[in-house]
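Okay, so the sequence shown: first residue is 1 according to full-length UniProt numbering, each after it adds one. Even glycine gets a Cβ: it sits at the ideal position worked out from N, Cα and C.
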Amino acid sequence: MGRNKLSDFDKHLRREIATNLNYLMKDMTQKQLSELTGIPASTLSGYLSFRSTPNAEQIKRIAEALNVDHKDIDPRSKSSEEEHEELTKLLEHKFAFDLAIKTTVKLMCELNSVGRQLVLQQAQLLKLTGRYDVCSLMRQDQSE
């Protein structure tokens with residue numbers, strides 16, 4: 001009987017934890033971290049190579065050994081306030097996008113075929129400039 005296949009979320013989580021650990025360990029070896037945490041080096045190796053996911057207690061021990069906050073290692077540990085802020089931003093973008101679509105559709109219905117074609121061409125030109133690309137704007141918002 002084989003193990004259940006990992007979800008994309010679990011794969012991403014393992015990758016993010018490993019990336020964070022590698023960064024935070026700097027010049028520390030797995031053996032040194034093992035000695036500080038009491039977690040076997042082979043287990044740490046599993047975390048760093050995406051083979052396993054540390055539980056909350058192991059994250060806590062590693063964070064204490066590295067003198068960092070557990071949120072710096074495990075993204076699941078974000079506070080509800082941080083999650084609320086992220087969710088609020090996403091909803092604001094979605095609401096603004098939905099409103100823009102509804103408004104555009106309403107306006108398009110009031111135009112003849114030539115007018116609709118001109119609106120479409122203008123939208124394509126705006127997209128080509130890159131200045132109004134949704135992905136670019138979202139990345140810009142996240143960096144602020």
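Taking 8 Å as the cut-off, decide whether the C-beta atoms of I73 and L21 are in contact.
The Cβ-Cβ distance between I73 and L21 falls below 8 Å.
Note down the Cα distance separating T37 from R51, rounded to an integer number of angstroms.
19 Å
Alpha-carbon spacing of E35 relative to D98, whole angstroms
The C-alpha of D98 is placed about 54 Å away from the C-alpha of E35.
Local Cβ density within 10 Å of R14, reported as buried at 16 or more and exposed below that
buried
How far does the alpha helix (DSSP H) with H12 in it extend, from its first residue to its last?
Where H12 is concerned, the enclosing alpha helix (DSSP H) stretches over 8-25.
Residue ranges of each alpha helix (DSSP H) within the UniProt domain "HTH cro/C1-type" (26-73), 4 or longer:
30-37, 41-48, 56-66
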